[in-house]
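Data block below; observations after.
Residue numbers (the working numbering): 37 to 168.
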């Protein structure tokens, strides 16, 4: 049986690469004394941190298309330190909504469109989730 490709693995890998680039820049900065070299490397560290933080938003809003992708993304995000994820807004809700939508689509056998916005949901009078 052929396994469907899930682009979430590429998203996770790119985030890992950005994280490694940031770690490398910070490691170099930590070994330098104050001066022009430190200032230049510190600026590079800042640029790499910004790229990493911006891509964290893409990571959080990405929707896996396979069960293996849901598991991989969940485990990867759970392994990240809190400072690495945005604290400008509550990222948990959109992240969990995307995962729930992905699981709905996977279990229904629907080929999800990762570019489509997620469904919003509300609760009915009985407290059960109702898709809107």
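Every residue gets a Cβ at the ideal spot worked out from N, C-alpha and C, and that includes glycine.
For clarity, every value in this text was computed on a predicted model and none was experimentally measured.
Contact belief for residue i with residue j at Cβ below 8 Å, rounded distance in angstroms
| i | j | result |
| --- | --- | --- |
| residue 54 | residue 88 | 5 Å |
| residue 81 | residue 61 | 4 Å |
| residue 42 | residue 104 | 7 Å |
Rounded straight-line distance, which links the Cα of residue j to that of residue i
| i | j | result |
| --- | --- | --- |
| residue 46 | residue 83 | 22 Å |
| residue 50 | residue 40 | 20 Å |
| residue 58 | residue 145 | 39 Å |
| residue 157 | residue 133 | Annotation note: pLDDT 40 at residue 157 (below 50); position unreliable, coordinate value reported separately. Cα to Cα, the separation comes out at about 9 Å. |
| residue 79 | residue 129 | 33 Å |
| residue 102 | residue 111 | 14 Å |
| residue 116 | residue 44 | 16 Å |
Buried versus exposed call for residue i [16 or more other C-beta atoms within 10 Å across all chains shown]
| i | result |
| --- | --- |
| residue 100 | buried |
| residue 138 | buried |
| residue 109 | buried |
| residue 126 | exposed |
| residue 118 | exposed |
Minimum C-alpha distance to residue i - residue among the options
| i | options | result |
| --- | --- | --- |
| residue 63 | 85, 51, 44 and 42 | 85 |
| residue 131 | 107, 143, 44 and 98 | 98 |
| residue 141 | 52, 110, 93 and 106 | 106 |
| residue 96 | 52, 102, 135 and 43 | 135 |
Proximity test, Cβ basis, 8 Å: residue i and chain C
| i | result |
| --- | --- |
| residue 95 | Protein chain content of the structure displayed is limited to a single chain, and chain C is not contained in it. |
I'd like the ranges of any alpha helix (DSSP H) spanning at least 4 consecutive residues and lying wholly in the segment 102-142. Within the segment 102-142, the complete alpha helix (DSSP H) runs of at least 4 residues are 103-115.
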